[in-house]
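Single-structure report; data block below.
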Amino acid sequence: MYAVVVRDGNESEVQFRVRDVRAGTVTTQMRFKDATGVCFSPDGTRMAVRDSGLVRVFDTHTREKVGETRLAVSDSEPHTLAISADNRLLLAVFPSWFEVREIATGNMPFSGVPTLGRLSRDAVLSPDGRELCLVHEGEKKFFVEVIDLKTEQRRDLTESQSFYSPTYSRDRRTIFGLRDSELVRIDRATKAVTTLAKGLSRATATKLALSPDGTCLAIGGIRYRLTLHDTVNGRRLPPVEDRFELATNTMEFTADGQKLAFHSDGEDDGYLVDVATGQVLKTVPYNDSTCRFLPNGKDYAIATAKTLQVRGLTDDVAKLKADLDLPWPPAIRSGADGRRLFVNGPKLLQIWDVGTRKELKSHPAEACECSFSPDGRFAVLCPQYGSPHLSTVKLLDLTTGKLHPQWPKINNHHDSRAWGALFDLSGRKAILCHGLYLSIVDLSTFEARQLPRRAANTQMCLPAFSPDARILAVVHEEDAAVHLWETQSGKVRHSIPLTDYAISMAFSTDARLLAIHSTTAPVHLYDLRGTMLDLPKRLDRESLNSLWEALLGDDSKAAFDALRRLAAAPNSTLQFIREKVQPAAAVRAETLTALFESLDAPAFAKREAASKELRGLADTIEIELRASLQQTSSPEVRQRLEKILVTLQPDSPNSVRRVRIVELVEWCGTSYAKLLLKGWAAGASGAALTREAKQALARLGG
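End of the sequence shown sits at 1550 in this note's numbering; the numbers just go up one at a time, nothing left out.
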């Protein structure tokens, strides 16, 4: 959810409208006298509104007031108003006063004033709520100070010409911040300051890439030196050579995460860098050519207008060489396994097999935007310069070289120009970007669902799929927040408030981390699974039942909160799930035959009983249901089968619940979780639960 401040011609009153981003409708309107500020908790579940010195805290799910407190200073605006990570404390920082309040009781366990001659500018509470980090401005310097909220002991850590955005590490041992255009780390125990990145300025870091295991973050952009950072401890990895300080066009990790390939503006070459040492391992000439490092980390493809080659990185031996006849160098992409190479030139799309060195397919394509599925099955061809007609978007079946006849029809809106497509890593879903809209296309059923926009004339942009295809991160234009859509239900499951517009996003391979860079902030890493929150590690039976009900409910945000809380207590949760969910049992052929025949029985009661039993087996017998639908000539049988198949749609309650259950077990990730998934994967071969469990097990490494 987000808040919009509206003044209705009355300078003494301000109205906050809380909107539901799923429907774009106003869910709550609250009117306050002289309301001057609003802030959200880190997990987005609490909203604090300041009204004439009175701060009221609301639950963003239920919209109920959960706390109220009056600040000691009511006649001036605080520099900082923030809620702690555990949603327990409220922090208010004024130039000459700061205080910490308990949200539930309004009590003030701590307050204070800056050291004589200083003014408070910024502050942050530690994740455990036990310590406060304050940034003060003196006559010519900024001072960073930490205060123990229990003992009230104060310590200066460092001083500099400027210091902004203090941020604690998870274990509270380290504080990160921006000092004089540098990203620095302060050791609380020794007060040692380490520079992690230099030359930081606003809106320069526009390119992000996370390594497959999520442990390394590469940052590049306009006039921004390429830097590598360890996401586990926040330290900067060995620097890449100094000459790479121009705009980074492309960055891509190899499959093992040990190397990074990139190309910068103003450089005639492409480079492959060792992540551990920062050393350049390979330089590839780019003169009038395009280049792509393959996922195996051993080969690269390079193309000019006249030739295409695949060469080894170490021995530079050509593994594939072919003649081209194009007016300019084509774009090059590879499949996820690196075995297929896609060459997209003017009016031509070619598919090459790197292993056999043969051209598999060639297809004429009037496309300036060509998107390939990672498994090499499909390519989405968008018309040159964007056509106002979505009917001109084509789906090419790369196995046959023919246009696919089942590409779905999508509602075409005024000036809804198709400008690109995005596949998830499994190749099972695609996002079509058209005008102000985004549509999710299921490539197994070829059905499309359009995501609702937040408001009229607001474009949904920067879409990013999580590798497991369960989350679509979207930025709504003119909305300083990233919204996480649950692709199965088509609803928003979580929103991340930002200080300004997001300009780049990247998921880690396990879908646990999301890196976001906005125009006025450094790069932030968000732990989507909430492992940094202080959640209970054990749950009693009553809590399990309550969270289980929320997980399977229609409220996607409540379900996401339940998912986090259940995953935080894997031992209790997995034993509970084992009792609730069993592997899909195979249905005997003679039983199915009898049920299908009963759908056309003379007695109404018998037809109803057969429909009810088939509905209960639907997840297991989808293939048989669709086959029977094709074969029947009875209008009533067809109608009954169609109603049953509706329950198997991706956004149906049954399908959404099943995917969330498997996602929960995958999040737990323990050896017992894998054992549970193996049991489900051994169920009936045609069952949806069996299929989902196999895919989750593969992502966990078997």
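Ideal Cβ placement from N, Cα and C applies to all residues, glycine included.
Check	Outcome
Out of curiosity, what's the CA-to-CA distance linking Ile1288 and Leu1493?	20 angstroms
Would you kindly work out how many angstroms separate the C-alpha atoms of Met849 and Asp1409, rounded to a whole number?	Below a pLDDT of 50, predicted positions are generally treated as unreliable, and Met849, at 35, falls in that range; no measurement from the model is reported.
Using only alpha-carbon positions, find the residue among Asp1245, Thr1006, Leu1058 that is nearest to Phe1220.	Asp1245
Within 10 Å of its beta-carbon, does Ala930 have 16 or more other beta-carbons around it, so buried, or fewer, so exposed?	buried
Rounding to the nearest angstrom, what Cα-Cα distance links Leu1548 and Leu1065 in this structure?	21 angstroms
Assess contact between the segment 1523-1538 and the segment 1458-1473, defined as three or more Cβ pairs (one per stretch) separated by less than 8 angstroms. Is contact present?	yes
Following the continuous beta strand (DSSP E) through Phe991, name the residue where it begins and the one where it ends.	990-996
Express the C-alpha separation of Thr1162 and Ile1180 in angstroms, rounding to a whole number.	21 angstroms
Under a three-way DSSP split, which group does Asn1144 fall into?	coil
How is the beta strand (DSSP E) around Gln1298 delimited, first residue to last?	1295-1298
I'd like to know whether the C-beta atoms of Thr1421 and Leu1414 end up nearer to each other than 8 angstroms.	yes
Does the Cβ-Cβ distance between Tyr1119 and Thr1131 come in under 8 angstroms?	yes
For Gln1479, does the three-state DSSP call read helix, strand or coil?	helix
Going by the DSSP bridge assignment, what does His984 pair with across the sheet?	Ser968, Phe991
To the nearest angstrom, how far is it from the Cα of Val1371 to the Cα of Ala1363?	7 angstroms
Looking only at its own chain, which residues have a Cβ that is under 6 angstroms from the Cβ of Leu1545, when we skip the five neighbours before and after it?	Leu1525, Ala1529
Whole alpha helix (DSSP H) runs in the segment 1341-1393 with 4 or more residues, listed along the chain?	none
Going by CA-CA distance only, name the one from Val1241, Gly1126, Lys1250 that's closest to Ser1210.	Lys1250
From what residue to what residue does the alpha helix (DSSP H) around Ser1503 run?	1501-1516
Mark Ser1533 as exposed unless 16 or more other C-beta atoms lie within 10 angstroms of its C-beta, in which case mark it buried.	exposed
Quick check on this structure: which residue in Val1429, Glu1295, Leu1168 has the alpha carbon closest to the alpha carbon of Trp1200?	Leu1168
With a CB to CB cut of under 7 angstroms and the five nearest residues on each side skipped, what residues in its chain are close to Ala1329?	Tyr850, Ser1343, Ile1344, Pro1345, Leu1346
Quick one: what does DSSP say Ser1404 is sitting in, helix, strand or coil?	helix
Can you have a look at Asn935 and say buried or exposed, based on whether 16 or more other CB atoms are within 10 angstroms of its CB?	buried
Give the DSSP-derived three-state secondary structure of Val869 in the structure shown.	Only weak support is given to the placement of Val869: the predicted model assigns it a pLDDT of 34, under 50, and the question is left unresolved by the model.
Along the beta strand (DSSP E) that carries Thr1248, what are the first and last residues, could you check?	Where Thr1248 is concerned, there is no enclosing beta strand (DSSP E), given that its DSSP letter is neither H nor E.
Pull up the distance between the alpha-carbon of His1003 and that of Ala1354, whole angstroms please.	Reading off the sequence shown, one finds Arg at residue 1003, where the question assumed His. About 37 angstroms.
Whose C-alpha, out of Leu1208, His1252, Tyr1374, Lys1206, is nearest the C-alpha of Ala1227?	His1252
Any idea what DSSP makes of Val854, helix, strand or coil?	The pLDDT assigned to Val854 is 37, lower than 50, so where the model puts this residue is not dependable, and the model offers no usable value.
Restricting to Cα atoms, I'd like to know which of Met956, Val961, Ile951, Ser932 is closest to Phe942.	Val961
Which residues does DSSP pair with Phe1110 in a beta bridge?	Met1099, Tyr1119
With distance defined between alpha-carbon atoms, name the residue in Arg1463, Arg918, Leu1392 nearest to Leu1443.	Arg1463
Pair every Cβ in the segment 1102-1112 with every Cβ in the segment 1137-1146, then say whether three or more of these pairs are closer than 8 angstroms.	yes
For the beta strand (DSSP E) that contains Thr1155, what are its first and last residues?	1155-1160
Consider the Cβ of Ser1292: report whether some Cβ of chain B lies at a distance smaller than 8 angstroms.	Absent here is chain B; the protein component of the structure consists of one chain.
Does DSSP classify Gly1527 as helix, strand or coil?	helix
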